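Chains as they are written, first to last, in full-length UniProt numbering: chain R, 1 to 343; chain S, 1 to 343; chain F, 1 to 343; chain P, 1 to 343. Even glycine gets a Cβ: it sits at the ideal position worked out from N, Cα and C. Bear in mind that the values here come from a model prediction, so they are computed numbers and not experimental data.
There are 4 protein chains.
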Amino acid sequence: MIRAGIVGGTGYTGVELLRILALHPHVEVSVVTSRSDVGTRVDALYPSLRGAINTVFSAPDIAELSDCDVVFFATPNGTAMLMAQQLLEHGVKIIDLSADFRLKDAAEWQHWYGMEHACPALIAEAVYGLPETHRAAIKNARLVANPGCYPTAVQLGFLPLLETGLIDPHHLIADVKSGVSGAGRKAELATLMSETGESFKAYGVAGHRHLPEIRQQLALAAKQSVGLTFVPHLIPMIRGIHATLYARLNTDIGSLQSLFEQKYADEVFVDVLPANSHPDTRNVRGSNFCHISIHQPQGQDTVVVLSVIDNLVKGAAGQAVQNMNLMFGLPEQIGLNMVALYP
Amino acid sequence: MIRAGIVGGTGYTGVELLRILALHPHVEVSVVTSRSDVGTRVDALYPSLRGAINTVFSAPDIAELSDCDVVFFATPNGTAMLMAQQLLEHGVKIIDLSADFRLKDAAEWQHWYGMEHACPALIAEAVYGLPETHRAAIKNARLVANPGCYPTAVQLGFLPLLETGLIDPHHLIADVKSGVSGAGRKAELATLMSETGESFKAYGVAGHRHLPEIRQQLALAAKQSVGLTFVPHLIPMIRGIHATLYARLNTDIGSLQSLFEQKYADEVFVDVLPANSHPDTRNVRGSNFCHISIHQPQGQDTVVVLSVIDNLVKGAAGQAVQNMNLMFGLPEQIGLNMVALYP
Amino acid sequence: MIRAGIVGGTGYTGVELLRILALHPHVEVSVVTSRSDVGTRVDALYPSLRGAINTVFSAPDIAELSDCDVVFFATPNGTAMLMAQQLLEHGVKIIDLSADFRLKDAAEWQHWYGMEHACPALIAEAVYGLPETHRAAIKNARLVANPGCYPTAVQLGFLPLLETGLIDPHHLIADVKSGVSGAGRKAELATLMSETGESFKAYGVAGHRHLPEIRQQLALAAKQSVGLTFVPHLIPMIRGIHATLYARLNTDIGSLQSLFEQKYADEVFVDVLPANSHPDTRNVRGSNFCHISIHQPQGQDTVVVLSVIDNLVKGAAGQAVQNMNLMFGLPEQIGLNMVALYP
Amino acid sequence: MIRAGIVGGTGYTGVELLRILALHPHVEVSVVTSRSDVGTRVDALYPSLRGAINTVFSAPDIAELSDCDVVFFATPNGTAMLMAQQLLEHGVKIIDLSADFRLKDAAEWQHWYGMEHACPALIAEAVYGLPETHRAAIKNARLVANPGCYPTAVQLGFLPLLETGLIDPHHLIADVKSGVSGAGRKAELATLMSETGESFKAYGVAGHRHLPEIRQQLALAAKQSVGLTFVPHLIPMIRGIHATLYARLNTDIGSLQSLFEQKYADEVFVDVLPANSHPDTRNVRGSNFCHISIHQPQGQDTVVVLSVIDNLVKGAAGQAVQNMNLMFGLPEQIGLNMVALYP
């Protein structure tokens, strides 16, 4: 059994990790930390976990965490970078669901996240944890930077087009919509039901923290820098991300459908829907799948890719477990065979 | 492997059966019928099942269904009673999720369901499929009448009080609220999102079809006829039932909490929450649990029981699989260890 | 023009007052206070009021408020009682939407609200602002205690039965459900969309602050003390209260429908629906109406009353304006002819 | 008083017309037709209108409608074109909320709407009812084609940029999201709450009926044909449209904010928010406003315009009343001073 620790177990990504790991046949959750809830049973705070998780919140402690085989950070940004070095020295593998190790340029990280990076030495070593692009490196990684939710949906949609050079990489548009659980479990006015229910809006149009992450990763695929307009929106629902991606085709190759199907033929969690489909976030809710459709409306030179995930699963905890499976030599999909909850 | 057939696979209880059975280690779904979708892949209609169910809808056919070990009816009322006798003769076990075999009095059934019963001979044989009250009979049953969603939540909440004679059985009140999936997957104005979203109402106060079912079963527990005021309401959400039950105490025994805890100590799917809790439907969403709390406000003689289930799981498909496990001698909880989807 | 001030203009009842008063033909909103937003335009915080309210938030100041003809307190509990005496001395009429002057027993108020009452001398003078029961007194009042949202819905439903002595007053049951806006505009985990969306629960079963208020007022109607079990629930929607009321009939008078119709024949804002109706909260959303239906299921001795209001209108700001109209000798319905927003 | 008739009073646009006209000081609703509800009181079907509308549904009848000064068609497509000629001959003004007279090219209309146009002679005369672009013509019109909901939001956002030639008109992108009430009041599976709640998807990417309407009108503004990629999405809420518009700037003029503010300075219902704002659909819910924001993220050459309306008000019934006011020489905003319902 893999002994797993979760630092920051009271946010939505933490709870989602617990939901998934509770049923993982090769994992035992041995430590769940929360500074504010030390001594409380996890299932007292989260009755959804009654019967599934039999643990008490503890304070984060390097010694205790060092007994784990893997530690997941489900913390706010700025925490993992303070503890990663010590845990690695104890031989613990780390999967960081926060943003601390996602950007390769420490200066850019500091610009967007508003604090100095406490552990720049590890940035180079950290492997970006998108299995569909970095599988080999993840298998050998000690430290994985789990991708953001928006970046996961956007990358999986743009990758086949950028890698093949079929689209103009300088004017990409990602119009992306997210359920409110993406904002996390924090006492804030903005995400009250009375504020977000029955309403829809864009936010952060001037610049969202996921923008540099997406640009960095798309540039790798395009083998050149990319230009991206990224507009996130808030959907009056809890789970799900829908990315609507627009790009100008350089050339008309005929079947974009085949291109996508071939690209993802061996990817268990990326599912290219039949031609003319419209993926629906409900169909991946609670599952680790990404559903993708490709359209070329009226045969014009603008391609439209629709990409949906559950922001807490493939956009966070599910992808983290997928990375863990790779890092420990397990079958990639083990423990992740959840079927979406419909209706 | 148990070969399972589902008759009426396009409603919400049918899809939910597929979601659960797809991951059940001892079941193979061999037949899924739908008259209106013959030849269509199940996952074409329900993309949530892509990768989980690899079947095509067929027309309901006794010969084909007779190859199954068990057939689930997830049909509208009035269908199972037409096919049950033949299937039983072929040695097929039947679990009927519709109401055809729930009422023991054929005349009453005809009154509430507005048609003549086509198969009254089987009514007596049919076992009411609430494992918490009829476990032994279910294990030996050929034909199980799976309980209604409201009746499940109400019975589990009232049972400990009625069996012990602690409450006045003549003036029970069940104020029950359900998500809209309980109304089924039918093209109707009343359950459009524009009609039910952001709104709340009671319905069927004059008399709902689940009233005689609840009365029949509570009378068994009370060993006398009961009086019940049953008021169902529609919640602007998809899944979940919340029963708020009121009764007058005959005597004050002190700890109702202990009574409930002892009653359900060995029941894996009935979970009595700690004292002073308020169960939340989200904590059982997608799972087979019933969460129950007991209150005696201001120490007065009115007891308040709060009982929540997922109407499609413990209120339908999950309970059906629990019954199947019992009928085939499997561990009762196998294939049902889903953790609720929170948030 | 009546010069109106609003103390505490940033909560949902404050904004709702502004929505209504902006279109009232005899009112000019001259002061809106908010300690935390001094100097900010009201419509900068609430763009829904752009073009309707042309005011800047100021700090609460007795001198400035004394220029008003009426001051509404849309503050948390404990504020109005600190300012009321001084404003009255300046000849300002007061309508308090908080709970400071609702309970006639200061000791009980202190028990439920957890603080000492700062102005017990005014409690006796304060008029309970339910026009349907206290119209004459309201017309002459200097200080009106605007009722709570739950108490409004519950009283209007029980009154005809209690006043006529038709029901047992010792075992009343009020199973009441509210949208989340009733919890106010506060940064809290419990009312995040991720916490309350797609879920339903009871809360405060052991005792809610509206319980003593309801009991006090029902006792006036019954001319004796009453026994009440009050169970509030949270609905996953924003606006609306649905009260489902249960009582035991002492005698069967035949037409409860007529009783209610006659009782409310002259009440412009209490609308008794036709027999066998089920009121829906959507049909009063944004309006000052209370819709009521009466049922006697299966002709038994338990009567069921269904009563719905918009918690922010008839349950708060609309009722406050109705009271203001009465206090200033205006037609009761002026400025309140909003039609509910359906769908 | 203007005598108004509504043909097709049972859909959401019909009910919304009734909500608005009930309070219009110069309008008397004299006829409301519905073939399926002849003889039923309007407020029996729509209790939200109790006390506001005192009319009975009648069958559509030219003679009766000819007594009206104006007739609104709130019918499915294909009805208004059958009755318009006769009503005009009787001197009745017509405002058609369906699509029958929106497209100037009858062949294109037939292509998109799948039927032959029954009244092509009137197409040329019909005035496109967007007051912000056709005010003068509307004032003198006998027949107004009320714009679609998506086209209203998209046009108001793109107009200032296209009229000034600042953007490339050949590659416009409109990523638009709508609440489900836009789908109308029809018994359909696709808009059940269980299907659309808690989910988000695009639809009609290959081609939506509003595409040719938007292209036609944008071409007028651009004085050349335009290229448009139009992707509609369904939001899990009832009311509201959010258009996110993307275009490539030909030149950088500095302040796009000023351009928009000047363009709409005299438009009472188009409200350009302060720089860096994000309009929220809730802030126009129930009102006739369009809120607009302009962004140029990271100073790049892609401009992003955010435009929100209530699809049933500025996108349908409110705009129709605005047109009526113009046609009858009334102040444009009379009867339309609704304040949005927040929260």
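With a threshold of 8 Å between beta-carbons, can residue i be considered close to chain P, or not?
i, result
"S/Ser178", "no"
"S/Thr196", "yes"
"F/Asp266", "no"
"residue 350 of chain R", "Since the displayed chain R opens at 1 and closes at 343, residue 350 of chain R lies outside it and no answer follows."
"F/Ala243", "no"
"S/Met193", "yes"
Any heavy atom of the ligand HEM inside 7 Å of the beta-carbon of residue i?
i, result
"P/Gly335", "The ligand HEM is not part of this structure, which contains no ligands at all."
Span of the alpha helix (DSSP H) holding residue i?
i, result
"F/Leu18", "12 to 21"
"R/Lys93", "Element bounds for R/Lys93: not the alpha helix (DSSP H) but the beta strand (DSSP E), 93 to 96."
"R/Pro151", "149 to 163"
"S/Gly318", "318 to 327"
"S/Ala52", "Looking at the DSSP string, S/Ala52 is not in any alpha helix (DSSP H), and its letter there is neither H nor E."
Would you mind reading off the limits of the beta strand (DSSP E) that contains residue i?
i, result
"S/Thr244", "241 to 248"
"S/His233", "228 to 234"
"S/Ser293", "290 to 295"
"R/Leu143", "143 to 145"
"P/Thr302", "302 to 309"
"P/Ile214", "No beta strand (DSSP E) contains P/Ile214, which is instead part of the alpha helix (DSSP H) from 210 to 222."
"F/Arg3", "2 to 7"
"P/Leu172", "172 to 179"
Taking C-beta pairs closer than 9 Å, name the residues in chain R that residue i reaches, listed in chain order.
i, result
"S/Ala22", "Asn337, Val339"
In chain S, which residues lie less than 7 Å from residue i when you measure between Cβ atoms?
i, result
"R/Val15", "Tyr342"
Counting only beta-carbon atoms, is residue i nearer than 8 Å to chain S?
i, result
"F/His210", "no"
Step through the CB atoms of chain F and report whether any lies within less than 8 Å of the CB of residue i.
i, result
"S/Asn288", "no"
"S/Asp175", "yes"
"S/Gly207", "yes"
Under 8 Å Cβ-Cβ, which residues of chain R neighbour residue i?
i, result
"F/Met327", "Those within 8 Å of F/Met327 in chain R number zero; the least Cβ separation is about 30 Å."
Kindly list, in the order they appear in chain P, the residues whose Cβ is closer than 7 Å to that of residue i.
i, result
"F/Asn283", "Pro47, Ser48"
"R/Phe200", "Lys177, Ile235, Met237, Gly240, His242, Thr281"
Taking residue i as the query, report the chain F residues whose CB atoms sit under 9 Å from its CB, ordered along the chain.
i, result
"P/Asp271", "Pro47, Arg50, Gly51"
"S/Asn276", "Val205, Ala206"
Would you say residue i faces chain R, with C-beta separation under 8 Å as the test?
i, result
"P/Tyr150", "no"
Do the stretch 63 to 76 of chain R and the stretch 94 to 110 of chain R make contact, defined as three or more Cβ pairs closer than 8 Å? yes
At least 3 beta-carbon pairs within less than 8 Å: the stretch 5 to 16 of chain R vs the stretch 31 to 50 of chain R: yes
Taking three-plus beta-carbon pairs below 8 Å as touching, is the stretch 39 to 53 of chain S in contact with the stretch 275 to 291 of chain R?
yes
Interface residues of the stretch 179 to 191 of chain F facing chain R [CB-CB below 7 Å]
Val180, Ser181, Arg185, Ala187, Glu188, Leu189, Thr191
Quiz item: Along the UniProt domain "Semialdehyde dehydrogenase NAD-binding" (3 to 141) of chain S, what residues have a CB closer than 9 Å to any CB found in chain F?
Solution: none
(request) Below 8 Å between beta carbons is the criterion; list the residues of the stretch 214 to 247 of chain F that meet it against any residue of chain R, in chain order. (result) Under the 8 Å Cβ criterion, the stretch 214 to 247 of chain F contributes Pro236, Met237, Ile238.
Check your understanding: What residues from the stretch 287 to 317 of chain P come within 7 Å of chain R, judged by C-beta to C-beta, listed N to C?
Key -> His295, Pro297, Gln298, Gln300, Thr302, Val304, Leu306
Q) Should the stretch 201 to 213 of chain S be called in touch with the stretch 288 to 301 of chain F, which here means at least 3 C-beta pairs below 8 Å? A) Below 8 Å, enough C-beta pairs join the stretch 201 to 213 of chain S and the stretch 288 to 301 of chain F to call them touching: three or more.
Exercise. Should the stretch 80 to 92 of chain R be regarded as contacting the stretch 180 to 200 of chain R, the criterion being three or more beta carbon pairs within less than 8 Å?
Worked result: no
Would you call the stretch 299 to 311 of chain S and the stretch 242 to 258 of chain S in contact, with 3 or more CB pairs under 8 Å?
Yes: the two stretches touch, three or more of their Cβ pairs being nearer than 8 Å.
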